[in-house]
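Colleague:
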Amino acid sequence: MADDLHTRYMAAARIWHKHTSACGSCTKHEGPQCSAGARLYESFARLQDAYLGRQRRAR
Ligand SMILES: [Zn+2]
Numbered sequence: 110m111a112d113d114l115h116t117r118y119m120a121a122a123r124i125w126h127k128h129t130s131a132c133g134s135c136t137k138h139e140g141p142q143c144s145a146g147a148r149l150y151e152s153f154a155r156l157q158d159a160y161l162g163r164q165r166r167a168r
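And the structure:
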């Protein structure tokens, strides 16, 4: 189950990073600059929070 969350987190990160190189406006450092990028970044950030939050609670 943790692996599933990790898989979705990695997939969201990959899609977001792919968008940053394809978009020309959004960057990994500046964050999302277009509405499509904002959606991708939001789901990536949400999964990252969930994933890192679970890691922290597991200790
Ligand atoms: Zn974009």
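Count along the sequence shown from 1, add 109, and you get the number used in our numbering.
Glycine included, every Cβ here is placed at the ideal spot set by N, Cα and C.
The structure displayed is predicted, hence computed values, not measured ones.
Applying the 10 Å Cβ sphere with the 16-neighbour rule, what's the burial state of THR129?
Modeller: Locating residue 129 in the sequence shown gives position 20, counting from the first residue. THR129 is buried by the Cβ-count criterion.
Colleague: What is the DSSP secondary structure of GLY133, counted as helix, strand or coil?
Modeller: Taking the sequence shown and counting its residues from 1, the one referred to as residue 133 is at position 24. Three-state DSSP puts GLY133 in coil, outside helix and strand.
Colleague: Could you check if HIS126 belongs to the surroundings of ligand 1, using beta carbon to heavy atom distance under 7 Å?
Modeller: Translated into positions along the sequence shown, residue 126 becomes position 17. No, ligand 1 has no heavy atom inside 7 Å of this Cβ.
Colleague: Could you tell me whether any non-hydrogen atom of ligand 1 is closer than 7 Å to the CB of GLY140?
Modeller: Here residue 140 refers to the residue found at position 31 of the sequence shown. Not so, every heavy atom of ligand 1 lies at least 7 Å from the Cβ.
Colleague: For the region 155 to 162 against the region 137 to 145, do three or more pairs of beta-carbon atoms, one drawn from each stretch, fall closer than 8 Å, so that the two count as touching?
Modeller: No, because fewer than three Cβ pairs between the region 155 to 162 and the region 137 to 145 fall closer than 8 Å, the two stretches do not touch.
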